[in-house]
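Enquirer: Mapping the sequence shown onto the numbering used here, position 567 (from 1) lands on 692, and the numbers just tick up by one. Using N, Cα and C, we set each Cβ at its ideal position, and we do this for glycine too. Please read all numbers here as calculations on a predicted model, not as lab measurements.
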Amino acid sequence: MAKVVADAGGTLIGPNCIGIINKNYHGVFTTPIPNLSQDGCDLISSSGSTAVFIMEKAVSVGLRFSSVYTVGNAAQISVEDILEHLDDGFNPQTSSRIIMIYVEDIHDPQKFLKHAQSLIKKGCRIAAIKAGATEAGSRAASSHTGAMASSDMVVRALFRKAGIVYCSSRDELITVASIFKYPPLEGPNIAVITHAGGTAVLLTDALERGGLSVPPIPKDIGDELSSYLDPGSSVMNPIDFLATGTADQLGIIIDYVEHKMDFIQGMVVVFGSPGLFNVKNVYQVLNVKMDVCTKPIFPVLPSVINAHQEIDYFTSTGKINFPDEVGLGIALAQVYQRSKPKTAPMELPGIEKQKIRSIIDTNPKGFLSVDQVSRLLHAIGLPQVIENQANDIAQAKKMAHQIGFPIVMKVVGPIHKTDVGGVAINIQNEAAVTYHFQELMKIKDATGVLIQPMLSGVELFIGAKKEDQYGHLVLFGLGGIFVELFKDVRAVLSPCHKEEIHRQLTKLKGYKLLKGFRGQEGIDIDLFVEYILRVIALVEAAPEIQELDINPLFGRGREILVVDARIRL
């Protein structure tokens with residue numbers, strides 16, 4: 126089928142899809158068929174049925190569409206081809222600024238990245254789901270980096286680099302796209318306005334967990350506002366004007382937040398109905414205030430049965446309803462925290478590329494030797510701990526005295542030294558040197574023993590993993606047990622701006638350890654970022670590198686030293 130169409134010079138959408146809808150062509154054979162709106166969203170989906178389910182829910186909350194493209198098995202046209210089509214045909218006056226994507230397979234990640242970044246630079250905002258991102262056992266891993274570099278991690282890194290908001294469900298995708306209808310929040314502070322306390326608590330928790338804030342209202346403003354509300358109302362933020370709250374009171378509260386609370390950048394209004402009275406007048410006030418206020422107002426109207434007629438009226442005016450307050454809180458934080466695409470040129474530290482190529486070009490596939498790894502690290506400017514290889518006990522004793530006790534002894538040969546008991550630490554005397562040398566040399570494939578000084582400080586980790594078509598995924602974080610047990614790492618796709626590396630470091634669970642915690646000295650974070658950039662420069666200069674592990678590095682104050690590393694071509 127694909128060949129017949131291609132030979133005829135045509136374009137094949139699908140097969141196994143529901144077709145496309147745009148201003149020129151309504152080629153779908155299922156319902157719902159949404160009314161197209163110039164200010165609606167573009168939807169691109171790998172799956173026809175999933176597109177239908179997304180449209181059903183989106184239409185019910187008031188979200189509109191500008192076009193819908195489903196590619197099914199993508200025999201000729203894939204999701205990234207549709208992105209290219211939207212990018213090449215973008216018109217600042219008529220094109221949609223919101224794009225929703227459900228993708229099952231990214232055939233050409235670089236093309237996907239190129240056109241997503243281009244569209245975002247033109248003013249578009251993109252939210253996407255990548256299905257099948259947690260497939261297990263898809264690759265054999267021979268390093269900690271390989272074991273941790275999941276498909277999901279790669280996709281998340283790609284989306285961050287593009288500036289796409291990563292979504293995990295259809296509901297989240299719809300909620301994020303609905304938030305995109307609003308101007309970006311100018312700050313993290315949110316006023317929560319409600320007549321039902323429980324929903325406000327749930328919403329506040331979701332906002333705070335996501336990095337937004339629900340700050341208290343100053344007493345003087347609160348006292349003034351409370352004079353307009355029923356006794357028992359709370360003006361602390363959340364502002365709870367009780368189940369007896371009226372449309373007029375809601376209008377007063379919104380005006381106070383708009384005009385007298387400069388520290389607030391956005392509002393969420395939660396208002397439902399127990400079915401005892403009509404709330405259309407409340408939604409009419411809300412509709413008007415959303416049109417005139419400069420601060421964005423996000424409506425949570427949860428009574429989709431009791432107040433369905435009033436909600437239908439509300440969405441018929443062009444407004445969008447967020448029926449779940451927690452979903453809104455999570456998505457609002459996601460959108461606020463998303464990576465912004467960088468426009469400045471990528472700058473990487475200078476490295477000795479000729480030396481790097483001389484090592485890479487003269488080695489077959491497989492792990493490099495300890496000496497070759499050391500030379501590569503030297504060529505990219507990473508300082509290493511003093512170490513020497515001992516081939517007998519006499520050499521080991523001599524080197525131990527030269528370095529000074531206490532020392533560390535590591536087996537040479539096995540790839541995962543710790544896994545085979547190949548590391549002995551805090552060795553204090555010659556007798557211990559003799560004992561551990563003999564024990565280490567009993568390990569299978571042992572060819573010698575490395576002698577190093579015993580270091581202290583924060584253990585760090587940098588790794589890289591070659592991903593088909595994506596390039597190198599570069600991982601970093603806390604080393605030692607934090608990598609092996611907690612997997613506390615972040616990842617970026619190479620190449621990457623240093624600002625994004627800084628941003629990802631702050632998301633580590635153990636970030637406080639990098640800054641210094643409970644009397645323990647921290648590290649020079651700018652220096653650690655530079656080391657990560659030097660590793661990025663290495664994999665850009667040597668794309669043959671399949672896996673790279675630098676674990677651990679020891680950081681203390683202004684000094685960070687590489688203690689152990691392995692590289693596989």
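Are residue 620 and residue 661 close, meaning C-beta to C-beta below 8 Å?
Expert: The residue you call residue 620 lines up with position 495 of the sequence shown. The residue you call residue 661 lines up with position 536 of the sequence shown. Result yes, Cβ atoms of residue 620 and residue 661 sit closer than 8 Å.
Enquirer: How many Å lie between residue 689 and residue 288 at the Cα?
Expert: Mapped onto the sequence shown, residue 689 falls at position 564. Mapped onto the sequence shown, residue 288 falls at position 163. Taking the straight line joining both Cα atoms gives about 34 Å.
Enquirer: Sort out for me which residues DSSP pairs residue 645 with in a bridge.
Expert: Along the sequence shown, read from residue 1 onward, the residue named residue 645 stands at position 520. Partner(s): 642.
Enquirer: Judging by CA-CA distance, which residue of 140, 614, 243 is the nearest neighbour of residue 286?
Expert: Indexing the sequence shown from 1 puts residue 286 at position 161. The residue with the shortest Cα to Cα distance from residue 286 is 243.
Enquirer: Note down, in chain order, each residue of its chain lying with its Cβ closer than 8 Å to the Cβ of residue 636, except the 5 sequence neighbours on either side.
Expert: In the sequence shown, the residue the question calls residue 636 occupies position 511. Excluding residues within five positions, the ones whose Cβ falls inside 8 Å are 630.
Enquirer: Any idea if residue 150 is buried or exposed, counting beta-carbon neighbours within 10 angstroms, 16 or more meaning buried?
Expert: The count along the sequence shown starts at 1 and reaches residue 150 at position 25. By the 10 Å Cβ count, residue 150 comes out exposed.
Enquirer: I'd like to know whether the C-beta atoms of residue 677 and residue 585 end up nearer to each other than 8 Å.
Expert: Your numbering for residue 677 matches position 552 in the sequence shown. Your numbering for residue 585 matches position 460 in the sequence shown. Against a cut-off of 8 Å, the Cβ pair of residue 585 and residue 677 comes out as a contact.
Enquirer: I'd like to check one pair, residue 425 with residue 382: are the Cβ atoms closer than 8 Å?
Expert: Taking the first residue of the sequence shown as 1, we reach residue 382 at position 257. Taking the first residue of the sequence shown as 1, we reach residue 425 at position 300. Cβ distance not < 8 Å, so residue 382 and residue 425 don't count as in contact.
Enquirer: On a CA-only basis, which of 510, 558, 343, 155 is nearest residue 520? Give me that one, please.
Expert: What you label residue 520 is simply residue 395 of the sequence shown in a count that begins at 1. Residue 520 has its Cα closest to that of 558, out of 510, 558, 343, 155.
Enquirer: Cutting at 6 Å between CB atoms, please list the residues of its own chain near residue 370, excluding the five before and the five after it.
Expert: Counting from one through the sequence shown, the residue named residue 370 turns up at place 245. Result list for residue 370: 320, in chain order.
Enquirer: Quick one: Cα of residue 212 to Cα of residue 297, how far?
Expert: On the sequence shown, position 87 is the one that residue 212 refers to. On the sequence shown, position 172 is the one that residue 297 refers to. Each residue's alpha carbon lies about 24 Å from the other.
Enquirer: Return the residue from the list 508, 196, 332 that minimises the CA-CA distance to residue 230.
Expert: Mapped onto the sequence shown, residue 230 falls at position 105. Of the candidates 508, 196, 332, the one whose C-alpha sits nearest the C-alpha of residue 230 is 196.
Enquirer: Hey, could you find the ends of the alpha helix (DSSP H) residue 333 is sitting in?
Expert: Position 208 of the sequence shown holds residue 333. That run of the alpha helix (DSSP H) goes 322-334.
Enquirer: Which residue's Cα is closest to the Cα of residue 473: 564, 654, 312, 590?
Expert: The residue given as residue 473 occupies position 348 in the sequence shown. Closest option to residue 473, Cα to Cα, is 654.
Enquirer: Let's test the definition: count the other Cβ atoms within 10 Å of the Cβ of residue 134 and tell me whether it reaches 16, buried, or not, exposed.
Expert: Sequence index remark: in the sequence shown, residue 134 carries index 9 (1-based). The residue in question, residue 134, is exposed, as its Cβ has fewer than 16 Cβ neighbours within 10 Å.
Enquirer: Looking only at its own chain, which residues have a Cβ that is under 6 Å from the Cβ of residue 355, when we skip the five neighbours before and after it?
Expert: One-based indexing of the sequence shown puts residue 355 at position 230. Hits under 6 Å: 367, 369.
Enquirer: Can you tell me whether residue 577 is buried or exposed, with buried defined as 16 or more other CB within 10 angstroms of its CB?
Expert: Within the sequence shown, numbered from 1, the residue matching residue 577 stands at position 452. Classification of residue 577: buried, given that the 10 Å Cβ count is 16 or more.
Enquirer: Tell me the rounded alpha-carbon separation between residue 324 and residue 304.
Expert: Your numbering for residue 324 matches position 199 in the sequence shown. Your numbering for residue 304 matches position 179 in the sequence shown. Looking at the two C-alpha atoms, the distance is approximately 19 Å.
Enquirer: If you count every other CB in all the chains shown that lies within 10 Å of the CB of residue 311, and 16 or more means buried, which is it?
Expert: Looking up residue 311 in the sequence shown gives position 186. Exposed: under 16 other Cβ atoms inside 10 Å.
Enquirer: If we require 3 or more residues per run, which beta strand (DSSP E) segments fall completely within the stretch 365-434?
Expert: You should have 391-395, 422-425.
Enquirer: Please classify residue 123 as buried or exposed, where buried requires at least 16 other C-beta atoms within 10 Å of its C-beta.
Expert: Here the chain covers residues 126 to 694 and nothing more, so residue 123 does not appear.
Enquirer: Answer with buried or exposed for residue 432, where buried requires no fewer than 16 other C-beta atoms within 10 angstroms of its C-beta.
Expert: Indexing the sequence shown from 1 puts residue 432 at position 307. Residue 432 should be labelled buried.
Enquirer: Who pairs with residue 291 in a beta bridge, going by DSSP?
Expert: For the purposes of this step, residue 291 is taken as residue 166 along the sequence shown, with counting starting at 1. DSSP, once it has assigned bridges, lists 253 as partnering residue 291.
Enquirer: If contacts are defined as beta-carbon pairs under 8 Å, then residue 186 and residue 442 qualify, I think. What distance do you get, rounded to the angstrom?
Expert: Walking along the sequence shown from the start, residue 186 turns up at place 61. Walking along the sequence shown from the start, residue 442 turns up at place 317. Incorrect: roughly 13 Å between the Cβ atoms, too far for contact.
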